[in-house]
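K.L.:
End of the sequence shown sits at 1290 in the numbering used here; the numbers just go up one at a time, nothing left out.
Beta carbons are placed, not taken as given, at the ideal position from N, Cα and C, and that holds for glycine.
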Amino acid sequence: MELEVGSYKEKYYKLKGVDDISQFLEDDSVALSTMKSSKFYASFQTKIDEWERCLSVISEVVESLLSVQRKWIYLESIFMSGGDIAKQLPFEHSLFVSVNADFFKVFI
């Protein structure tokens, strides 16, 4: 599967439509659990365990990415709005602007 990325505020990008990926991961995890309860599990144990670890890592990465995305969108709306936040929290504002700029140098 491919991750669907959409534009956000015309200059940023964010993940969209991860419901399909989550559903596939869940379905495949259930299938692997079913295979583990089979009497033939011992014959395929190495491969089934490998797939289980792989699905777990993919799930964790997607969840972490979504968590970072949610937090960044929240902070971006606070610090980049041009309001009084820059005056009230000057250190935090400059830190966010710096990290945000560094991120875009690396990834964009």
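Closer than 7 Å by C-beta to residue 1207: which residues in its own chain qualify, once you throw out the five before and the five after it? Chain order, please.
P.N.:
Walking along the sequence shown from the start, residue 1207 turns up at place 25. Here the set comprises 1237, 1240, 1241.
K.L.:
Mind checking who residue 1186 pairs with in its DSSP beta bridge?
P.N.:
Stepping through the sequence shown from its first residue, residue 1186 is reached at position 4. Answer by DSSP bridge pairing, in chain order: 1198.
K.L.:
So what does DSSP say about residue 1273, is it helix, strand or coil?
P.N.:
The residue given as residue 1273 occupies position 91 in the sequence shown. Looking at residue 1273 - three-state DSSP - the assignment turns out to be helix.
K.L.:
Would residue 1285 be called buried (16 or more neighbouring beta carbons within 10 Å of its own) or exposed?
P.N.:
Residue numbering aside, residue 1285 sits at position 103 when the sequence shown is read from its first letter. Flag for residue 1285 reads exposed.
K.L.:
Can you find the residues in the same chain that come closer than 8 Å, C-beta to C-beta, to residue 1257, ignoring five residues on each side of it along the sequence?
P.N.:
Numbered from 1 along the sequence shown, position 75 holds the residue referred to as residue 1257. 1278.
K.L.:
Does DSSP put residue 1222 in a helix, in a strand, or in coil?
P.N.:
Indexing the sequence shown from 1 puts residue 1222 at position 40. If DSSP states are grouped into helix, strand and coil, residue 1222 belongs with coil.
K.L.:
Is it right to say residue 1261 is buried, meaning 16 or more other beta carbons lie within 10 angstroms of its own, or is it exposed?
P.N.:
By one-based count along the sequence shown, residue 1261 stands at place 79. So residue 1261 counts as buried.
K.L.:
Check whether the segment 1193-1204 and the segment 1246-1255 are in contact - that is, three or more C-beta pairs closer than 8 Å.
P.N.:
Judged by Cβ distances under 8 Å, the segment 1193-1204 makes contact with the segment 1246-1255, as three or more pairs qualify.
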